[in-house]
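One structure is given here, and the rest of the page talks about it.
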Amino acid sequence: MIEIPSDLHKDLVPLAFLLGNWAGAGVHDFPGAEKCNFGQEVAFTHDGRDFLEYRSHTWVLDGDGNKVRPLESEHGFWRIDADRKVEVTMTRDDGVIEIWYGELAAQKPQIDLVTDAVARTAASRPYSGGKRLYGYVKSDLMWVGEKQTPEVELRPYMSAHLKKVVTPEEVERWAKALPDDLPDDGIAFFK
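Residues in the sequence shown are numbered consecutively from 1, following the UniProt record's numbering.
Here it is, written out as structure tokens:
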């Protein structure tokens with residue numbers, strides 16, 4: 001279910017499907033880096049202004065699904081204009097700053113992004129740019145990332161399947177919003 005908060009900036013309504021806390025797992029595979037399964041937590045939040053704040057943390061998982069060590073962290077801001085054009089500014093823990101541009105697909109909650117500008121610190125690994133695809137599929141958030149370096153052509157390197165995390169506060173808010181005249185047996189509610 002996509003919920004549109006009453007205090008969400010009107011320009012952000014098309015991106016409302018991203019809002020919330022998400023968690024799940026995925027696969028990381030790029031030449032010169034460790035191939036692994038990873039866990040991920042993502043948060044898309046808003047404060048009433050015309051952007052979504054984005055935070056992502058990933059960590060390497062062992063064969064039993066336990067956290068081994070951090071993999072990547074990202075922090076950014078997402079905007080959308082009246083023509084459904086999306087812009088993202090993103091900072092990564094490895095010393096890379098990116099500007100992404102893309103578009104929200106027509107008639108479906110899917111965003112294609114491509115890097116427009118990349119800045120790197122001297123300590124960061126070589127990186128030339130990338131692509132990302134985000135999609136809201138059957139109430140889950142899925143994404144795939146591609147990247148390129150001067151030595152490696154553009155290719156997929158990470159993808160994940162994330163589920164919405166429901167907090168106790170959200171459950172309480174939803175419970176308070178239920179009508180007072182629900183049937184006692186619960187079955188009649190679905191008739």
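We put the CB at the ideal spot given by N, CA and C, even for glycine.
Here the structure is a predicted model, which means the values were calculated and not measured.
| field | Span of the beta strand (DSSP E) around residue 56 | value | 52 to 61
| query | Which partner residues of residue 8 appear in the DSSP bridge assignment? | reply | Answer is none; residue 8 lacks a bridge partner.
| query | Going by DSSP, which residues form a beta bridge with residue 140? | reply | 137
| Which residue from 61, 131, 2 and 129 puts its Cα closest to that of residue 35? | 61
| message | Would residue 55 and residue 9 be called neighbours here (beta carbons separated by less than 9 angstroms)? | response | no
| message | Can you list, in chain order, the residues of its chain with a C-beta nearer than 8 angstroms to that of residue 159? Leave out the 5 residues immediately preceding and following it. | response | 26, 27, 142, 143, 144 and 145
| With burial defined as no fewer than 16 other Cβ atoms inside 10 Å of the residue's Cβ, what is the status of residue 4: buried or exposed? | exposed
| Relative to the C-alpha of residue 82, which residue among 106, 42 and 114 is closest? | 106
| DSSP on residue 166, reduced to helix/strand/coil? | coil
| query | Taking the C-alpha atoms as reference points, what is the distance between residue 96 and residue 120? | reply | 5 angstroms
| request: Pull up the CB-CB distance for residue 76 and residue 88, whole angstroms please, since I reckon it's below 8 angstroms. | output: 6 angstroms
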